[in-house]
Amino acid sequence: MKSSRPKHLHQPVDSSEGDVNLSPERQKWINSLDSATRKLLDQDAEFFLHQSLSTPCLDVLTQARGSGFTDLNSKTFLDFHGNSAHQVGHAHPKVIEAVKAQLDTLAFCPRRFTNEPAIRLAEKLVSLAPGDLGKVLFAPGGTSAVGMALKLARMATGRFKTISMWDSFHGASLDAISLGGEALFRNQIGPLLPGTEHVPPAEPYRCMWNPDGSCESCDLRCAKYIEYVLEREGDVAAVVAEPFRCTTINIPPQGYWPYVRKACDKHGALLVFDETALCLGRAGTMFAFENFGVVPDIVTLGKGLGGGVFPLAAIVARKDLDIAPHVALGHYTHEKNPTACAAGLAAIEVIEQEGLLARARVLGRETLGKLAALGDKHPCVGQARGLGLAMGLEIVQERHPSEPDPARAERILYSCLKQGLSFKVSGGSCLTLTPPLTLSGQDMDLALAILEQAVIDTENTA
Ligand SMILES: Cc1ncc(COP(=O)(O)O)c(C=O)c1O
11 MKSSRPKHLH QPVDSSEGDV NLSPERQKWI NSLDSATRKL LDQDAEFFLH QSLSTPCLDV
71 LTQARGSGFT DLNSKTFLDF HGNSAHQVGH AHPKVIEAVK AQLDTLAFCP RRFTNEPAIR
131 LAEKLVSLAP GDLGKVLFAP GGTSAVGMAL KLARMATGRF KTISMWDSFH GASLDAISLG
191 GEALFRNQIG PLLPGTEHVP PAEPYRCMWN PDGSCESCDL RCAKYIEYVL EREGDVAAVV
251 AEPFRCTTIN IPPQGYWPYV RKACDKHGAL LVFDETALCL GRAGTMFAFE NFGVVPDIVT
311 LGKGLGGGVF PLAAIVARKD LDIAPHVALG HYTHEKNPTA CAAGLAAIEV IEQEGLLARA
371 RVLGRETLGK LAALGDKHPC VGQARGLGLA MGLEIVQERH PSEPDPARAE RILYSCLKQG
431 LSFKVSGGSC LTLTPPLTLS GQDMDLALAI LEQAVIDTEN TA
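Okay, so the sequence shown: first residue is 11 according to my numbering, each after it adds one.
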């Protein structure tokens, strides 16, 4: 029987986590592909459920190594997207070696047993984490780690309400989209978790409180709003947020997190940082929150924690939150997968041995300068912002530079893809640039040259 799509499910949302896969530019891109690639894409679209940001797909890959990947036609791309899982690049030899060695001995560990790679990785995370963060649970993905953090916050406080941010993303499951603030995930999907309050994010660029002023002049109104909700509700279990938004790279003003931390303490709520995408060096520090002078009660880690090759995530919680031995917080089949943990240990070793934290800070700073210089030359290039190698570049309307230009952002993306540079567009008009921390200076320059050429291409066709 043929099924037809209900009428209410037709409208794609164009301002979200990533660029959507139903745009006119996507269609042009697909039309330009060779027949062998299109045949595989058609098969992919035949067998996989279609969903936003994924199937139908862009291209077919055959190899991923170092800073890039290769498609069916041997075309190479620099990967400035990588789902933010490629801090150490693709298939880092040390990660692959550790995985192969682990596969040869203990590839899997059934529940009720433990294994050395899992213990060593938990020990390593605790040794890296500041403050009282001293207890770990693993999960097969960031969404599940966020779910575990929510459960632990409920158990620890005896409360269930949360405060999270509009426009945020914490995973695609029903509990995580209840926390999240993106229409693309929340709309048309039915009732969400009760008690998930939302507040506007700190967004120094295009601040809704103070559009024409600086963060200093509005005196942290966004942080005060969180305190207001904490006080009015009076029974909030946790404030859950990324230290800064990993897609649109909205970096809160100085003083924001210390203010929120204090407010949480005052009102008995936990502070939970979701560092699924920002942990392990992306922001130039092992934990992104180290940039903000606060320590959360629970932090979630993911993506690059599996070395870019295994699904692995974790929570690291305050040691004294070990209060729920009678409850299954994260009853996951791959809870202590030794192969995933071996990959994670190897990845952290690479980050330390190759000095990737400092590398992210230095290369990030240099690159931000070059991105800002692009803006001086091209009126459609707006603010460049970033921390470490989490960088965002706004694409704006030439005649109205305070207005976003999503159509042009999309054209720049596809022009870059054509030239061999992959990244995503977030929030409609922000080019999200998250290269591997191992990227060479030469490859960064190549990526910037591609980006500038793409900007010029759109100027010529405007
Ligand atoms: C901030 C954040 N939290 C949670 C998740 C979900 O992680 P996963 O896809 O591993 O479940 C993501 C994924 O993009 C994320 O960026």
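Even for Gly, the Cβ is constructed at its ideal location relative to N, Cα and C.
Are residue i and residue j closer than 8 Å when you measure CB to CB?
i, j, result
"I259", "T442", "yes"
"G303", "P268", "yes"
"A163", "V282", "yes"
"H96", "V360", "no"
"A352", "V319", "no"
"V94", "R292", "Correcting the residue type first, residue 94 is Ser in the shown sequence and not Val. The answer is yes: Cβ separation under 8 Å."
"S439", "P411", "no"
"T167", "G340", "no"
"M165", "A334", "yes"
"H208", "S183", "no"
"G396", "E404", "no"
"K380", "L458", "yes"
"S62", "L194", "yes"
"L328", "V246", "According to the sequence displayed, residue 328 carries Arg and not Leu. Their beta carbons are not under 8 Å apart, which means R328 does not touch V246 by this criterion."
"C256", "A212", "no"
"V250", "V270", "no"
"L423", "V406", "no"
Going by the C-beta, is residue i closer than 7 Å to any heavy atom of ligand 1?
i, result
"V70", "no"
"V156", "yes"
"K434", "no"
"F283", "no"
"F148", "no"
"C256", "yes"
"G144", "no"
"F90", "no"
"K313", "yes"
"E192", "no"
"A323", "yes"
"H208", "no"
"T172", "no"
"G151", "yes"
"H344", "no"
"A287", "yes"
"H180", "yes"
"E126", "no"
What residues in its chain sit with their C-beta under 7 Å from that of residue i, if we drop five residues either side in the sequence?
i, result
"K134", "L355 and I358"
Would you call residue i buried or exposed, if buried means 16 or more other Cβ atoms sit within 10 Å of its Cβ?
i, result
"G141", "exposed"
"F87", "buried"
"G314", "buried"
"T295", "buried"
"T6", "Within the shown structure, residues of the chain are numbered from 11 to 472, placing residue 6 beyond reach of any answer."
"K17", "Here the model assigns K17 a pLDDT of 46, short of 50, so the residue's position is not dependable, and the following value carries that caveat. Exposed, because fewer than 16 other Cβ atoms sit within 10 Å of the Cβ of K17."
"S425", "buried"
"L331", "buried"
"I308", "buried"
"R122", "exposed"
"S84", "exposed"
"T343", "exposed"
"P201", "exposed"
"H91", "buried"
"V337", "exposed"
"K12", "Residue placement at K12 cannot be trusted, given a pLDDT of 39 that sits under 50; the coordinates are not used to answer."
Excluding the 5 residues preceding and the 5 following residue i in the sequence, name in chain order all residues of the same chain whose CB lies nearer than 6 Å to its CB.
i, result
"G181", "G152, T153 and V156"
"P389", "E408"
"F58", "T65"
"S14", "For S14, the predicted structure reports a pLDDT of 44, less than 50, and the residue's modelled location is therefore unreliable. A value from the coordinates is still provided. Counting only Cβ-Cβ distances below 6 Å, and skipping sequence neighbours, we find nothing."
"H20", "Because H20 carries a pLDDT of 43, less than 50, the predicted location of this residue cannot be relied on, and no value is offered for it."
"L456", "none"
"I460", "C426, Q429 and L431"
"N41", "none"
"A464", "I422, S425 and C426"
Between residue i and the rest of its own chain, which residues show a CB-CB distance below 8 Å, the 5 nearest in sequence each way excluded?
i, result
"I129", "none"
"S450", "S77"
"G374", "G294, G396, L397, G398, L399, A400 and M401"
"F299", "P253, W267, F283, E285, V305, P306 and V309"
"V109", "G317, V319, F320, T349, A352, A353 and A356"
"K38", "Y424"
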